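*Asks:*
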Amino acid sequence: MSAMPNPALLRLPTELLVLVVGYLDPWDPRSPEETSSDLCSLRLVSRQLNDVALPALAERYFRNRCVMLRKNSLENLVAISRHPAFGPAVMHLTIRFPHWTGFPQRANTSRRPQDRDVEEEDVEKTGADLHAYYRLMEEQLFMMESGLTTTYIVHALSALPALKTLSVDEQLTAWGTADLVRLAGLELNDMLKAHESIGFSRHAIRAIVLAIIVSNTSLDQLNLSPGLGSGHTISLDMLAFSPTDLQLVQPRPVHVASLNLVVQPSSDMDFSIDNAVSHFLQFVALFPGLERLLLEFDAVDDCTFFRPLSQRLRLQGLRSLHLTGLECTAGELLGLLRAHKSSLQHVGLSQVDVAAGDGGGWRAVLASVRDEALIQTLEMDSCSEEGQDVGYREPGSEGLVRCDFLQVNNRIFPGSPDWTTMIDGLVIGDGDEEEQESD
Numbered sequence: 000m001s002a003m004p005n006p007a008l009l010r011l012p013t014e015l016l017v018l019v020v021g022y023l024d025p026w027d028p029r030s031p032e033e034t035s036s037d038l039c040s041l042r043l044v045s046r047q048l049n050d051v052a053l054p055a056l057a058e059r060y061f062r063n064r065c066v067m068l069r070k071n072s073l074e075n076l077v078a079i080s081r082h083p084a085f086g087p088a089v090m091h092l093t094i095r096f097p098h099w100t101g102f103p104q105r106a107n108t109s110r111r112p113q114d115r116d117v118e119e120e121d122v123e124k125t126g127a128d129l130h131a132y133y134r135l136m137e138e139q140l141f142m143m144e145s146g147l148t149t150t151y152i153v154h155a156l157s158a159l160p161a162l163k164t165l166s167v168d169e170q171l172t173a174w175g176t177a178d179l180v181r182l183a184g185l186e187l188n189d190m191l192k193a194h195e196s197i198g199f200s201r202h203a204i205r206a207i208v209l210a211i212i213v214s215n216t217s218l219d220q221l222n223l224s225p226g227l228g229s230g231h232t233i234s235l236d237m238l239a240f241s242p243t244d245l246q247l248v249q250p251r252p253v254h255v256a257s258l259n260l261v262v263q264p265s266s267d268m269d270f271s272i273d274n275a276v277s278h279f280l281q282f283v284a285l286f287p288g289l290e291r292l293l294l295e296f297d298a299v300d301d302c303t304f305f306r307p308l309s310q311r312l313r314l315q316g317l318r319s320l321h322l323t324g325l326e327c328t329a330g331e332l333l334g335l336l337r338a339h340k341s342s343l344q345h346v347g348l349s350q351v352d353v354a355a356g357d358g359g360g361w362r363a364v365l366a367s368v369r370d371e372a373l374i375q376t377l378e379m380d381s382c383s384e385e386g387q388d389v390g391y392r393e394p395g396s397e398g399l400v401r402c403d404f405l406q407v408n409n410r411i412f413p414g415s416p417d418w419t420t421m422i423d424g425l426v427i428g429d430g431d432e433e434e435q436e437s438d
């Protein structure tokens, strides 16, 4: 963009200037980073152009924000929240968990003291600034232990009136990451498996949830899925809150409509299943207005956790339930649905394997849902029975069997089979059982 604007541009009516700014925003093939100078330069031309360009700038660059739990990143978020145009534009906030561990690029705290000098010397040869690293490490510990992390997030959430979703995931790059890497000359750690990382993540989740509750923020969705795809997702003990925390937050009404949780399966837990389920139930109880629950196991839970959970989970007002990555029996799955019959309308199941033992297989599940009117709609994606793929083919047809995505309902959506038709067309494995008499 030219430093000296065309004088005719300054004489355009406001309506045409809005069109000019709008053209710079959605249709430019370049990335937002490449076009940011265009909008910023346009705002400097005149007060009129600044007023016109400001909403487009806010919509393009502040609708989605991503920060990490570092002082500079959270201070930036607080500053945005206080801005009269940028704060109201933020609708989706992502928080990432990059962090430092006790020694650069190392998480093993059992190393011998005499090895430390050798390792530090090797690290410094790579151009790393260990003095900056240790200073940043101290700042990280102070932020978490002093409660300053929660304070920053409370101030930000309280001033973001349009915020709809808060996510903890790895989808975006957090603001300030590049500065920290440049200062220390070392990469931050994104993994959650090391002992120090587990402690950091436990503090981080606690800080975020406490901030939501203390700020009385209403969210359409809270998504907790750090480490998804890396095999280092949330362990259930990270959801544990101390009795003091629970006394602080339980009297406060907070509205989170949808909760998405991706957790490690029971095989990775070093504590009792009963404690794990108790931690989960206490955590979910923090959000009494919950209407949608999405629970994903990374990787597949072999029913060790789901079995007691299905017996104890009771969410008043739950309308939608999605389960991904588990093995269970028909009886366990149906028990959970029956416990929420008064409110539950929709169920989504992905990569769910039903054992044909207690209560039968998928045909028994569908027949019970139909006969007891447990839910209105069911979605199945890549499900199985005793390890064999579950698919659907129109009854009486010799066409292809669909296994990837199946939707069953009481004819709410045109083209989807009702319960009886679905039962008649169900195909297990290679179809040897499809001729069995339907329930």
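If you use numbering that gives the first Met the number 0, the sequence shown corresponds to residues 0 to 438, in order.
Yeah, the Cβ is synthetic: ideal placement off N, Cα and C, and Gly gets one too.
Keep in mind the model is a prediction, meaning the values are calculated, not measured.
Exposed or buried, what is residue 191 when buried is set at 16 or more other beta-carbons lying within 10 Å of its beta-carbon?
*Replies:* As a working note, residue 191 is residue 192 in the sequence shown. That one is buried.
*Asks:* Relative to the alpha-carbon of residue 58, which residue among 79, 406, 354 has its alpha-carbon at the smallest distance?
*Replies:* Along the sequence shown, read from residue 1 onward, the residue named residue 58 stands at position 59. Closest by alpha carbon: 79.
*Asks:* Am I right that residue 332 and residue 364 are in contact with their C-beta atoms under 8 Å? What's the rounded C-beta distance?
*Replies:* In the sequence shown, counting from the first residue as 1, residue 332 sits at position 333. In the sequence shown, counting from the first residue as 1, residue 364 sits at position 365. Right, their Cβ atoms sit about 6 Å apart.
*Asks:* In this structure, does DSSP put residue 366 in helix, strand or coil?
*Replies:* Here residue 366 refers to the residue found at position 367 of the sequence shown. Three-state DSSP puts residue 366 in a helix.
*Asks:* Our contact map puts residue 358 next to residue 330 with C-beta atoms below 8 Å; I'd like the distance itself, whole angstroms only.
*Replies:* Start at 1 with the first residue of the sequence shown, and residue 358 comes out as number 359. Start at 1 with the first residue of the sequence shown, and residue 330 comes out as number 331. About 4 Å; that satisfies the 8 Å criterion.
*Asks:* Could you check what DSSP says for residue 350 in three-state terms: helix, strand or coil?
*Replies:* The residue given as residue 350 occupies position 351 in the sequence shown. The answer is strand: DSSP assigns residue 350 an E or B state.
*Asks:* Touching or not, the stretch 247-261 and the stretch 216-223, by the rule of three or more beta carbon pairs under 8 Å?
*Replies:* Yes, they touch.
*Asks:* According to DSSP, simplified to helix, strand and coil, what is residue 291?
*Replies:* Position 292 of the sequence shown, counting from 1, holds the residue named residue 291. Of the three classes helix, strand and coil, the one that applies to residue 291 here is strand, per DSSP.
*Asks:* Out of curiosity, what's the CA-to-CA distance linking residue 91 and residue 158?
*Replies:* Walking along the sequence shown from the start, residue 91 turns up at place 92. Walking along the sequence shown from the start, residue 158 turns up at place 159. Their backbone Cα atoms lie some 14 Å apart in a straight line.
*Asks:* Less than 9 Å separating the beta-carbons of residue 349 and residue 382?
*Replies:* In the sequence shown, counting from the first residue as 1, residue 349 sits at position 350. In the sequence shown, counting from the first residue as 1, residue 382 sits at position 383. Yes, Cβ-Cβ distance for residue 349 and residue 382 is below 9 Å.
*Asks:* Check whether the Cβ atoms of residue 63 and residue 235 sit closer than 9 Å, and answer yes or no.
*Replies:* Taking the sequence shown and counting its residues from 1, one reaches residue 63 at position 64. Taking the sequence shown and counting its residues from 1, one reaches residue 235 at position 236. Not closer than 9 Å, so no.
*Asks:* Rounded to whole angstroms, what is the Cα-Cα separation between residue 386 and residue 428?
*Replies:* Counting from 1 along the sequence shown, the entry for residue 386 is found at position 387. Counting from 1 along the sequence shown, the entry for residue 428 is found at position 429. Computed Cα separation, rounded: 8 Å.
*Asks:* Quick one, which of 202, 280, 187, 72 has its alpha-carbon nearest residue 93's?
*Replies:* Within the sequence shown, numbered from 1, the residue matching residue 93 stands at position 94. Checking every option, the nearest Cα to that of residue 93 belongs to 72.
*Asks:* Can you tell me which of the three DSSP states residue 406 falls into?
*Replies:* On the sequence shown, position 407 is the one that residue 406 refers to. Residue 406: strand per DSSP, three-state reduction.
*Asks:* Name the two residues that bound the continuous beta strand (DSSP E) containing residue 256.
*Replies:* Against the sequence shown, residue 256 aligns to sequence position 257. Segment 255-262, the beta strand (DSSP E) holding residue 256.
*Asks:* For residue 415, which residues of its own chain have a beta-carbon under 7 Å away from its beta-carbon, when the five flanking residues on both sides are left out?
*Replies:* Within the sequence shown, the letter at position 416 stands for residue 415. Same-chain partners within the cutoff: 406, 407, 408.
*Asks:* What's the gap between the Cα of residue 253 and the Cα of residue 370?
*Replies:* Sequence index remark: in the sequence shown, residue 253 carries index 254 (1-based). Sequence index remark: in the sequence shown, residue 370 carries index 371 (1-based). Distance between the alpha carbons of residue 253 and residue 370: 36 Å.
*Asks:* Of all the beta strand (DSSP E) runs that stay within the bounds of the stretch 132-180, which reach a length of 3 or more residues?
*Replies:* If we require 3 residues or more, the beta strand (DSSP E) runs fully inside the stretch 132-180 come out as 164-167.
*Asks:* Checking 9 Å against the spacing of the C-beta atoms, do residue 321 and residue 356 come in under that value?
*Replies:* Reading the sequence shown from its first residue, position 322 is the one you call residue 321. Reading the sequence shown from its first residue, position 357 is the one you call residue 356. Contact: no.
*Asks:* Shortest alpha-carbon distance to residue 304 belongs to which of 276, 76, 147?
*Replies:* Here residue 304 refers to the residue found at position 305 of the sequence shown. Measuring from the Cα of residue 304, the nearest candidate turns out to be 276.
*Asks:* For residue 397 and residue 423, I'd like the C-alpha separation in whole angstroms.
*Replies:* Here residue 397 refers to the residue found at position 398 when the sequence shown is read from its first residue. Here residue 423 refers to the residue found at position 424 when the sequence shown is read from its first residue. Between residue 397 and residue 423, the C-alpha separation is close to 13 Å.
*Asks:* How many Å lie between residue 25 and residue 76 at the Cα?
*Replies:* Counted from its first residue, the sequence shown places residue 25 at position 26. Counted from its first residue, the sequence shown places residue 76 at position 77. Because the pLDDT of residue 25 is 43, which lies under 50, any placement of that residue in the model is unreliable, and the number read from its coordinates should be weighed accordingly. C-alpha separation (whole angstroms): 24 Å.
*Asks:* Could you pull out every residue in the same chain whose Cβ sits closer than 7 Å to the Cβ of residue 202, ignoring the five residues on either side in sequence?
*Replies:* On the sequence shown, position 203 is the one that residue 202 refers to. Same-chain partners within the cutoff: 143.
*Asks:* Would you kindly report the start and end of the unbroken beta strand (DSSP E) that includes residue 95?
*Replies:* For the purposes of this step, residue 95 is identified with residue 96 of the sequence shown, where counting begins at 1. Here the beta strand (DSSP E) through residue 95 covers 91-95.
*Asks:* I believe residue 337 touches residue 425 by the beta-carbon criterion, under 8 Å. Please report the beta-carbon distance rounded to the nearest angstrom.
*Replies:* Residue mapping note: residue 337 aligns to position 338 of the sequence shown, counting from 1. Residue mapping note: residue 425 aligns to position 426 of the sequence shown, counting from 1. Rounded, the Cβ-Cβ distance is 21 Å, inconsistent with contact.
*Asks:* Taking 8 Å as the line, does the beta carbon of residue 176 fall inside it for any heavy atom of the ligand ATP?
*Replies:* This structure simply doesn't include the ligand ATP, nor any ligand for that matter.
*Asks:* Could you give the residue range of the alpha helix (DSSP H) that holds residue 190?
*Replies:* By one-based count along the sequence shown, residue 190 stands at place 191. From DSSP, residue 190 is part of no alpha helix (DSSP H); its letter is neither H nor E.
*Asks:* For residue 168, collect the residues of the same chain with a Cβ closer than 7 Å to its Cβ; drop the 5 residues on either side in sequence, then sort them by chain order.
*Replies:* If you number the sequence shown from 1, residue 168 lands on position 169. Excluding sequence neighbours, residue 168 sits near 93, 222, 224, 225, 227.
*Asks:* Excluding the 5 residues flanking residue 399 on each side, which residues of the same chain have their C-beta closer than 8 Å to its C-beta?
*Replies:* The sequence position of residue 399 within the sequence shown is 400, counting from 1. Only 392 meet the Cβ criterion.
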